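Chains as they are written, first to last, in the working numbering: chain A, 1 to 499; chain B, 1 to 488; chain C, 1 to 101.
All C-beta atoms, glycine included, are put in the ideal place defined by N, C-alpha and C.
Since the structure is predicted, the reported quantities are computational estimates derived from the model, not experimental observations.
What follows is one structure encoded as structure tokens, with my remarks underneath.
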Amino acid sequence: MNWDEWIPLLVVASSLVPGLIIFALAEERVRLRTALNLLGAIVKLGLVGVMVWGVYREHIYETRLVLLPSLELVLRAGPLSLLFVTLSTALWLVTTIYAIGYLEGAPHRSRFFGFFSLCVTATVGVALSGNLITFLLFYELLTLSTYPLVVHRGTEAARRAGQTYLIYTVCGGALLLLGTVWLYSLAGTLEFIPRGFVNDLGPEHDSALIMIFILLIAGLGVKAALFPLHGWLPQAMVAPAPVSALLHAVAVVKAGAFGIVRVVYDVFGIGTAAALGVTMPLAWLAAFTIIYGSVRALFQDDLKRRLAFSTISQVAYIILGVAIVGPISTIGGVVHLVHQGLMKITLFFCAGNLAETLEIHKVSEMNGVGRRMPWTMAAFTIGAFGMIGAPPIAGFISKWYLGVGALEAGQSWVILVLVGSSLLNAMYFLPILHRAWFREPPDQWPADHQFGRKETAWALLLPPVATAVFALGVGLFASLAFSPLGWAKLIAAREFYQP
Amino acid sequence: MPEAFSQTPWALVLILLPLATGMISFLWPRLAISLGLVTAAILILAVVGLGWQIHSLDGGVYHHAVGGWGAPLGIDLYADGLSLLMLTTTALVGMGVSIYSVAYFEHEQALRFWPIWLLLLAALNALFLSADIFNLYVTLELLGLAAVTLTALAGSKAALDGAMRYLLATLLGSLCYLLGVELLYHSYGTVDIATLAERVAATPVVWAALGLMGAGLILKTALFPLHFWLPPAHSSAPAPVSAVLSALVIKATFYILLRLWLTLFNPLNESVATLLGLLGAAAVLWGSLQALRQTRLKLLIAYSTVAQIGYLFLAFPLAAVAALSTWNAVAYLALSHALAKAAMFLSAGNLLRFGGHDRIADLDRVVQRLPVTAMAFALAGVSIMGLPPSGGFIGKWLLLEAALEQNRWDLVLVMLLGGLLAAGYVFKVLGHSFTEAPVMHEAGTVPKAMEWAALLLAVAAVVLGFLTVPVLAWFGLGDVAGIGGVGS
Amino acid sequence: MSSVFAYALIGVGLFTLGLYALIVHAHLLRKILALNVMGSGVFMTLVALAKRSGDVPDPVPHAMVITGIVVAVSATALALTLMLKLSAVSGRATLADDRQD
């Protein structure tokens with residue numbers, strides 16, 4: 001076996017092995033645990049870098065493992081996988097640093113970081129899956145490894161939130177399983193191939209294929225928080241902030257959205273999906289979710305819940321981009337995977353900072369907080385403007401491509417949705433910014449933990465600033481070939497143009 | 001050395017060794033524990049040896065005439081892929097339970113446990129190696145009596161009550177089975193399975209025999225609605241005994257049913273298969289719902305067994321068309337369930353030892369205080385729920401595939417619902433083990449051996465999900481699906 | 001042939017009677033007796049059906065009956081012991097009412 005066959009497996013193992021070791025560590029071994037976490041993250045980042053370089057030069061990285069006599073587990077690095085894997089890996093590193101700071105002195109950190117690593121293992125596995133069965137395996141693993149994080153605090157409220165989370169995700173998993181087995185029994189294969197692998201099935205299978213599509217989208221839509229399967233997301237806010245950041249920016253929702261992208265492009269193929277007539281309903285559902293999420297966000301006073309509904313809305317952009325049949329909207333949808341991740345994680349980090357430093361949980365408590373925590377709020381501002389779609393931050397790029405793509409595909413109604421949701425975003429983000437920068441602070445914060453001359457701990461401050469800078473950077477430098485936008489163009493080209 | 005290895009009559013070792021050590025440990029109690037562990041280890045070796053022998057034999061089956069007297073008058077030993085699978089399961093679970101029991105039982109109980117446990121192992125192995133239906137009866141009775149005795153070991157009212165109920169049910173089942181054997185002998189003049197398979201035809205007498213033997217075996221396998229004896233017995237026995245009962249003893253009677261189905265009763269009607277499938281579906285749904293309602297952990301696990309047995313019976317209506325994949329699924333489901341359920345019961349034993357109770361709502365932060373046990377329960381749960389990656393998932397996948405190919409949407413629905421309900425009751429336990437209970441509980445200590453035995457069995461159930469090709473090859477030795485009987 | 005048939009029928013009849021008694025009676029001693037009656041019924045049928053045409057009956061079923069009797073004796077012994085222990089511990093000789101099924 002040459003190196004090329006090992007690398008995908010090693011990428012997955014680089015967080016699995018530290019995770020397993022961390023489980024066995026005693027609570028007090030803080031330095032060792034931190035070292036393992038960071039080591040794993042850096043190794044993974046390095047390996048991903050190698051793969052990115054290699055794929056750019058047409059290298060093939062693929063690991064295959066026999067699962068059943070006629071079915072294999074496949075890990076493969078292609079442009080779409082690498083997009084997601086790079087995002088996950090980079091954000092894992094950042095979130096690990098943040099979590100170390102956030103959970104300073106909190107109980108059960110070994111358990112937390114162990115499951116944290118498992119969660120990233122599962123996400124990376126989802127990203128690198130080369131066929132639907134491998135995807136299913138890691139997708140379910142994601143459910144199993146995120147549950148302990150949701151119930152981490154050990155309170156009755158956490159248990160109930162975990163229960164809700166499970167009901168949704170396990171049912172989603174069952175639907176996904178059914179769709180997968182059914183598809184396998186019809187098509188005999190589950191490999192992800194650009195333009196899909198169901199094309200060879202004759203028209204007599206059309207109704208079965210439509211049913212399978214619905215099952216798969218429903219199963220994936222639970223994690224992607226597509227209406228009406230989104231109910232678990234606001235509930236899961238009871239988890240600690242690093243969990244919310246990771247789950248809602250990187251791991252769970254993105255895995256769902258990523259899965260939908262895979263199903264539409266590499267299982268069905270956009271042409272077949274359009275011919276079956278399933279793309280329009282999906283687009284409508286996505287559009288409805290966009291508006292619904294934003295409207296619900298307007299009425300939330302709890303900051304994390306407001307961000308949760310904002311996530312529901314924003315992830316639907318990805319699905320909308322995919323459901324509109326056209327290369328440009330594809331670019332917009334796919335690149336939003338990265339952009340939304342960067343922006344949302346920034347926002348969640350900031351929310352966590354507010355909670356940790358000043359014990360602020362509600363928007364109404366945020367008057368004048370910009371003066372007390374300027375760097376945090378600056379990062380928040382960048383993220384918020386990105387969400388609204390103000391150039392040159394990343395969010396603008398995604399929305400631009402979505403809009404142009406919609407026009408080009410003859411779906412002008414999408415422009416209305418985009419404009420409407422941007423307005424709504426402004427309506428629930430701008431007041432926050434106004435409060436933070438332009439109102440007088442109260443006489444006393446709910447609590448005020450001091451950190452010397454800085455506004456909060458280093459480990460809490462650096463991550464949001466870094467991700468905010470990135471969000472700005474990918475927008476400013478979007479024209480570079482190596483930017484997420486460049487990758488997205490490559491992916492769209494393979495789906496639509498290459499033979 | 002390799003010569004000696006392949007020449008040893010491993011089949012005989014499998015039966016005679018535990019029989020001998022059982023009796024020795026009864027006579028010389030001080031040797032009991034060491035003999036028990038050594039036996040468990042040698043049994044694993046013996047199974048590997050037997051597998052090796054079968055593998056190199058023609059047709060992949062193994063025949064041995066005990067004492068030189070062949071069938072139809074003598075007792076034949078017979079092993080093919082199916083027997084091998086069951087023997088392997090027994091050896092693996094047996095090892096885990098033996099390690100566990102070293103630490104679990106105090107001196108008094110240990111003296112009574114080990115001899116009977118070894119006899120139980122002998123009975124199981126003899127059952128899986130039997131080649132005629134009367135020998136099956138004898139081993140079945142031996143198995144039942146040993147199992148009942150072990151169930152009553154704790155001596156509490158609940159244990160004795162459960163054991164009594166179990167004994168009555170098992171004796172009733174055996175008598176029905178014996179009557180069936182009688183009818184078959186009277187019609188065809190032999191009790192040897194292979195010979196019977198050639199001669200059997202669809203006459204009323206054979207129907208009656210099928211009915212009687214089937215009813216008896218279904219009662220002993222606790223298929224809905226004849227499952228009433230299982231929850232009290234399995235939940236009030238000591239933890240390692242519960243593990244053995246759910247994992248192995250029930251599988252033994254299922255094995256007989258399967259064997260008879262494949263060889264003798266195959267040419268008979270579809271309607272029986274449909275009935276079995278229906279009962280299986282009812283078992284899955286009823287058992288899972290009941291498990292969800294329980295407040296005590298061991299009862300929850302016992303009802304889970306009732307449900308999981310149902311899955312095995314869903315295969316019967318599907319096998320007519322897709323024999324190979326369906327029986328492969330059954331093999332996988334049986335093996336994974338044995339490992340996972342044993343792990344679950346052992347974990348429950350740990351929790352009981354730790355907290356002094358097994359009330360689910362009061363599992364105070366067990367994840368933090370007994371992490372190894374919690375992990376064992378969680379991994380076992382993954383297999384029971386049929387989530388990837390695990391043996392349970394492979395079994396479920398194969399069964400779903402077979403059902404979808406035949407458009408049996410009713411069975412598909414049952415399987416999916418069963419999985420969801422299983423997730424419900426597994427996570428009910430896990431959710432409480434993360435959470436702080438309203439009242440803090442005192443903690444006893446749990447020996448490492450007990451925790452790790454449970455974890456190893458659970459890990460085996462999960463790892464099984466990656467070993468599909470070798471396991472199915474092992475199972476395929478001797479072409480189980482095509483033995484004797486007409487059609488397949 | 002008809003006497004064989006009669007014996008076999010009686011055997012099956014005993015089996016059925018025993019089954020009825022097993023289900024209906026609550027006292028454990030009666031249940032154990034019922035099982036014994038059922039066993040006797042099965043053995044009787046087996047012996048009856050052992051008659052072949054000609055003078056010498058088939059010895060194989062007889063061997064099976066002997067094995068069966070041995071098994072029945074051990075089983076009965078176990079059952080009686082269990083019953084005694086149960087009544088010592090719980091003060092009654094019946095099974096507890098089914099609370100959950």
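By alpha-carbon distance to A307 of chain B, the top candidate from B:P231, B:G144 and B:G22 is B:P231.
In this structure Q314 of chain A is buried. Its beta-carbon is surrounded by 16 or more other beta-carbon atoms within 10 angstroms. K362 of chain A has A:D302 as its beta-bridge partners, per DSSP. Judged by DSSP secondary structure, A319 of chain B falls within the alpha helix (DSSP H) whose first and last residues are L297 to A319. Scanning its chain for C-beta atoms nearer than 7 Å, with the 5 sequence neighbours on each side dropped, one finds around M64 of chain C the residues L46, in chain order.
The contact set of Q368 of chain B on chain A, defined by CB atoms closer than 9 Å, consists of P107, H108, R111 and G154 in chain order. Contacts with chain C (Cβ-Cβ distance below 7 Å) from the segment 161 to 190 of chain B involve D161, A163, M164, R165, L167, L168, L171, L172, L175, L178, L179, E182, Y185 and H186, listed in chain order. G214 of chain B is not a Cβ neighbour of G189 of chain B, given a cutoff of 9 Å. The beta carbon of T253 of chain B does not come within 9 Å of any beta carbon belonging to chain C, so the residue lies off that interface. Chain B has a Cβ within less than 9 Å of the Cβ of G68 of chain C.
Residues of the segment 397 to 414 of chain B with a C-beta less than 8 Å from any C-beta of chain A: W397, L398, L400, E401, L404, E405 and V412, listed in chain order. With a cutoff of 9 Å on beta-carbon distance, T221 of chain B and F254 of chain B are scored as near each other. The continuous alpha helix (DSSP H) containing T373 of chain B extends over residues P371 to M385. Closer than 9 Å to the CB of P61 of chain C there is at least one CB belonging to chain B. Look at N425 of chain A here: in three-state DSSP terms it is helix.
With respect to the C-alpha of V284 of chain B, the residue from B:I309, B:R296 and B:L219 having the closest C-alpha is B:I309. A Cβ-Cβ contact shorter than 9 Å links G40 of chain A with P18 of chain A. Cβ contact annotation for C171 of chain A (same chain, cutoff 6 Å, sequence separation greater than five): none. In this structure, the alpha-carbon of A422 of chain B lies about 13 Å from that of K396 of chain B. Every alpha helix (DSSP H) stretch that sits fully inside the segment 77 to 136 of chain B and reaches 4 residues is listed by chain position as 81 to 104 and 107 to 129.
The C-alpha of H234 of chain B lies about 13 Å from the C-alpha of T149 of chain B. Scanning the segment 178 to 209 of chain B from its first residue to its last, the whole alpha helix (DSSP H) runs of 4-plus residues come out as 193 to 199. Listed as beta-bridge partners of K399 of chain A by DSSP are no residues whatsoever. Excluding its 5 nearest sequence neighbours in each direction, T180 of chain A has C-beta neighbours in its own chain below 8 Å: L132, I133, L136, L190 and L216, listed in chain order.
Going by beta carbons, N266 of chain B and F475 of chain B fall outside the 9 Å limit. With contacts defined by Cβ atoms closer than 9 Å, G154 of chain A and F138 of chain A do not form a contacting pair.
T63 of chain A and D200 of chain A have their C-alpha atoms roughly 26 Å apart. At a cut-off of 9 Å between C-beta atoms, L78 of chain C counts as an interface residue with respect to chain B. Shown here, T346 of chain A sits in a helix according to DSSP, grouped into three states.
In this structure, the alpha-carbon of A65 of chain B lies about 11 Å from that of L129 of chain B.
Taking CB atoms only, L145 of chain B has a neighbour in chain C less than 9 Å away.
Between the segment 93 to 109 of chain A and the segment 25 to 41 of chain A, the count of Cβ pairs shorter than 8 Å is three or higher; the stretches touch.
The secondary-structure analysis by DSSP pairs K454 of chain A across a beta bridge with A:F451. Residue-level contact by beta carbon holds for L416 of chain B and chain A, with a gap shorter than 9 Å.
Taking C-beta atoms as the reference points, V61 of chain B and L87 of chain B fail to come closer than 9 Å.
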